[in-house]
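In UniProt numbering, the protein residues as written are 1 to 475.
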């Protein structure tokens, strides 16, 4: 059989195999997990980075690779609303018609162009190469065309083009410029009490990378011990807080590995401290954390209770979260117990406790620095879903505390519907109560408002936006 002649190659550039960039591929995989599985980046990214560090050869990550991947993922998620508006201006179809994986590659590219110091040509070429690897050559051409349009201007120029003027629509302007849903902008503005400067500062703070804050659990570790670690600086407000500057790794701290210290936002520490130090009438022997998962506040309360010879009961409805609480409390020097129980259907007798904390489930609008994707998942109607549970848990806490005892109602949301509205509604049913002024219990902490409750803020305190009301049973 005679050999068939080969077809002549078409003129043009020879085919080049796409070059895989492990950092950008990992960032893309993390964004896909957030989008497809409703995962949270702070849960998805660490195992991906750990696996990349354990590899051998050219795909093994070093510290710079991990830092870049982290910046690409979190930076893209924080600025998603802004980047969507810019991309929408550069494509010839509604954004909802762009395939989500393509949109993720585009968003990563836009963040490199407008949100980092990566040179323009490198940002475009690396993004197009990523598109070739994960999407194919055809869609890579689309990515290339869009990013070249984006690269024609800087972020300020784009914002001038895609954000409506502040004077015409202030909420929509802030939503686009600071990458928050409009309804969240409106809710945060109401909670702050108006004024442009404050809301701009808060929204900008939500888009900053939060520091890692450690807590030295009382009686088990000290802040001085943690300050001996590399990259450690004192906390701002809590005597037990130590901040790790950029590059600090909690897992490398011996006290953290031994469970004598943990990772805990300073706002969360302050809530636990305020409840522990609130004045009581009568004995101080039995404490309850009624919504204890995942265990940060319970571990702090358990350590503080141990110093006074008090017992802590840590209750969490979800069994797997109760397991996290048990892990956080493991090694606590004083008596404690962890149970899986529903705080709205108490497993204890009324009036059993001297101090009770309920850090209730909420929209999480106070922790948007740490979970930037939450701002795009939450909807105004979610407030109606949380409302009955929040009120039920506060009622249960007030029934659990004895006369003269104190309840702390806390939530990681500044939304008025989750804070003051809940407290006001429930206290109508409990006339034998009084609100305590919580502000003196946080000495040295400024900007605590008119009281008696406390609202912390990222832009004022460098903490999550934790809320706390302290309530004493008077009869």
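Using N, Cα and C, we set each Cβ at its ideal position, and we do this for glycine too.
A quick note: this is a predicted structure, and the numbers were derived from the prediction, not measured.
Give the C-beta separation of residue 349 and residue 405 to the nearest angstrom, bearing in mind that I take them to be a contact with Cβ-Cβ under 8 Å.
Taking the chain shown and counting its residues from 1, the one referred to as residue 349 is at position 349. Taking the chain shown and counting its residues from 1, the one referred to as residue 405 is at position 405. 14 Å between Cβ atoms; not a contact.
Return the chain-ordered list of same chain residues with a C-beta closer than 7 Å to the C-beta of residue 238, the five sequence neighbours on each side being excluded.
Residue mapping note: residue 238 aligns to position 238 of the chain shown, counting from 1. Contacts found: 266, 269, 270 and 273.
Give me the Cα-Cα distance between residue 24 and residue 94, rounded to the nearest whole angstrom.
Counting from one through the chain shown, the residue named residue 24 turns up at place 24. Counting from one through the chain shown, the residue named residue 94 turns up at place 94. Each residue's alpha carbon lies about 26 Å from the other.
Keeping to the same chain, check which residues put their C-beta closer than 6 Å to that of residue 469; ignore five residues upstream and five downstream.
Along the chain shown, one-based indexing puts residue 469 at 469. Here the set comprises 409, 423 and 453.
I'd like the list of long-range same chain contacts for residue 5, defined as Cβ closer than 6 Å, with 5 residues on each side in sequence excluded.
Counting from 1 along the chain shown, the entry for residue 5 is found at position 5. Residue confidence is low: residue 5 scores 46 on pLDDT, short of 50, so the model does not pin down where it sits. No coordinate-derived value is stated.
Do residue 122 and residue 73 have their CB atoms nearer than 7 Å?
As a first step, residue 122 must be located in the chain shown, where it is residue number 122. As a first step, residue 73 must be located in the chain shown, where it is residue number 73. It is not a contact, given that the beta carbons lie outside the stated cut-off.
What three-state label does DSSP hand residue 463 in the structure shown?
For the purposes of this step, residue 463 is taken as residue 463 along the chain shown, with counting starting at 1. Of the three classes helix, strand and coil, the one that applies to residue 463 here is coil, per DSSP.
In whole angstroms, what is the alpha-carbon distance linking residue 7 and residue 49?
Reading the chain shown from its first residue, position 7 is the one you call residue 7. Reading the chain shown from its first residue, position 49 is the one you call residue 49. Note that residue 7 scores a pLDDT of 45, beneath 50, so its modelled location is shaky; the value from the coordinates is reported in the next line. Between residue 7 and residue 49, the C-alpha separation is close to 46 Å.
Assess, as a yes-or-no matter, whether the region 424-433 is touched by the region 371-384 under the definition of 3 or more beta carbon pairs within less than 8 Å.
Contact between the region 371-384 and the region 424-433 is absent, because fewer than three Cβ pairs lie under 8 Å.
Where residue 165 and residue 176 are concerned, what is the direct C-alpha to C-alpha distance, given to the nearest angstrom?
Sequence index remark: in the chain shown, residue 165 carries index 165 (1-based). Sequence index remark: in the chain shown, residue 176 carries index 176 (1-based). C-alpha separation (whole angstroms): 11 Å.
The ligand NAD and residue 280: does the residue's C-beta get closer than 6 Å to at least one heavy atom of that ligand?
The ligand NAD is absent from the structure shown, which contains no ligand whatsoever.
Specify the secondary structure class of residue 342 as computed by DSSP and reduced to three states.
Residue 342 sits at position 342 when you count from the first residue of the chain shown. Looking at residue 342 - three-state DSSP - the assignment turns out to be coil, as it is neither helix nor strand.
Quick one: give me the first and last residue of the beta strand (DSSP E) that residue 234 is part of.
To locate residue 234, count along the chain shown from 1; it is residue 234. That run of the beta strand (DSSP E) goes 232-234.
Touching or not, the region 197-208 and the region 180-189, by the rule of three or more beta carbon pairs under 8 Å?
Short answer: they touch.
For the alpha helix (DSSP H) that contains residue 377, what are its first and last residues?
Here residue 377 refers to the residue found at position 377 of the chain shown. Note, residue 377: alpha helix (DSSP H), 374-377.
Comparing alpha-carbon positions, which option in 249, 234 and 442 lies nearest residue 242?
Looking up residue 242 in the chain shown gives position 242. Minimum Cα distance to residue 242 is reached at 234.
Can you give me the Cβ contacts of residue 209 inside the same chain, cut-off strictly under 7 Å, excluding the 5 residues immediately before and after it?
Working through the chain shown from its first residue, we reach residue 209 at position 209. So the qualifying residues of the chain are 74.
Would you mind giving the Cβ-Cβ distance between residue 111 and residue 152, rounded to the nearest angstrom? I have them listed as a contact below 8 Å.
Here residue 111 refers to the residue found at position 111 when the chain shown is read from its first residue. Here residue 152 refers to the residue found at position 152 when the chain shown is read from its first residue. At roughly 17 Å, the Cβ-Cβ gap does not stay under 8 Å, so residue 111 and residue 152 are not in contact.
CA-CA distance, residue 428 and residue 391?
Indexing the chain shown from 1 puts residue 428 at position 428. Indexing the chain shown from 1 puts residue 391 at position 391. The alpha-carbon atoms of residue 428 and residue 391 are separated by roughly 12 Å.
In the structure shown, what three-state DSSP assignment does residue 156 receive?
Here residue 156 refers to the residue found at position 156 of the chain shown. In the structure shown, residue 156 sits in a helix (DSSP, three-state: H, G or I).
So what's residue 455 in DSSP terms, helix, strand or just coil?
Position 455 of the chain shown, counting from 1, holds the residue named residue 455. Residue 455: strand per DSSP, three-state reduction.
My assumption, with CB atoms under 8 Å, is that residue 255 sits in contact with residue 226. Please give the rounded CB distance.
Your numbering for residue 255 matches position 255 in the chain shown. Your numbering for residue 226 matches position 226 in the chain shown. About 6 Å separates the two Cβ atoms, so the contact holds.
Taking 7 Å as the threshold (C-beta atoms), are residue 159 and residue 114 in contact?
Counting from 1 along the chain shown, the entry for residue 114 is found at position 114. Counting from 1 along the chain shown, the entry for residue 159 is found at position 159. Against a cut-off of 7 Å, the Cβ pair of residue 159 and residue 114 comes out as no contact.
Give me the Cβ distance between residue 261 and residue 217, rounded to the nearest whole Å; I'm assuming they're in contact under 8 Å.
The residue labelled residue 261 in the question sits at position 261 within the chain shown. The residue labelled residue 217 in the question sits at position 217 within the chain shown. Sure, about 6 Å apart at Cβ, within 8 Å.
So is residue 456 buried or exposed if we call it buried at 16+ other beta carbons inside 10 Å?
Against the chain shown, residue 456 aligns to sequence position 456. Buried.
Please say whether residue 366 and residue 414 have beta carbons closer to each other than 7 Å?
Residue numbering aside, residue 414 sits at position 414 when the chain shown is read from its first letter. Residue numbering aside, residue 366 sits at position 366 when the chain shown is read from its first letter. Taking 7 Å as the Cβ cut-off, residue 414 and residue 366 qualify as a contacting pair.
Please classify residue 318 as buried or exposed, where buried requires at least 16 other C-beta atoms within 10 Å of its C-beta.
Indexing the chain shown from 1 puts residue 318 at position 318. Counting Cβ neighbours within 10 Å, residue 318 comes out exposed, since fewer than 16 surround it.
If we ignore side chains and look at the alpha-carbon of each, how far apart do residue 66 and residue 127 end up?
Residue 66 sits at position 66 when you count from the first residue of the chain shown. Residue 127 sits at position 127 when you count from the first residue of the chain shown. Their Cα atoms are separated by approximately 18 Å.
Residue 245: buried (16+ other C-beta within 10 angstroms of its C-beta) or exposed?
Here residue 245 refers to the residue found at position 245 when the chain shown is read from its first residue. Burial call: exposed.
Quick one: is residue 373 buried, meaning 16 or more other Cβ sit within 10 Å of its Cβ, or exposed?
Reading the chain shown from its first residue, position 373 is the one you call residue 373. Classification of residue 373: buried, given that the 10 Å Cβ count is 16 or more.
What is the DSSP secondary structure of residue 315, counted as helix, strand or coil?
Locating residue 315 in the chain shown gives position 315, counting from the first residue. Reduced to three states, the DSSP call for residue 315 is strand.
Tell me the rounded alpha-carbon separation between residue 52 and residue 193.
Counting from one through the chain shown, the residue named residue 52 turns up at place 52. Counting from one through the chain shown, the residue named residue 193 turns up at place 193. When rounded, the distance between both Cα atoms is 46 Å.
Whose C-beta lies closer than 6 Å to the C-beta of residue 418 among residues of the same chain, with five residues either side of it excluded?
Residue 418 sits at position 418 when you count from the first residue of the chain shown. Taken in chain order, the residues that qualify are 362 and 411.
Starting from residue 408, follow its DSSP beta bridges and name the residues at the other end.
Walking along the chain shown from the start, residue 408 turns up at place 408. 357 and 470.
Is the separation between the beta-carbon of residue 89 and that of residue 146 shorter than 7 Å?
In the chain shown, residue 89 corresponds to position 89, counting from 1. In the chain shown, residue 146 corresponds to position 146, counting from 1. Their beta carbons are not under 7 Å apart, which means residue 89 does not touch residue 146 by this criterion.
According to the neighbour-count rule (16 or more other Cβ atoms, all chains shown, within 10 Å of its Cβ), is residue 337 buried or exposed?
Taking the first residue of the chain shown as position 1, residue 337 is located at position 337. Answer is exposed; the Cβ neighbour count stays below 16.
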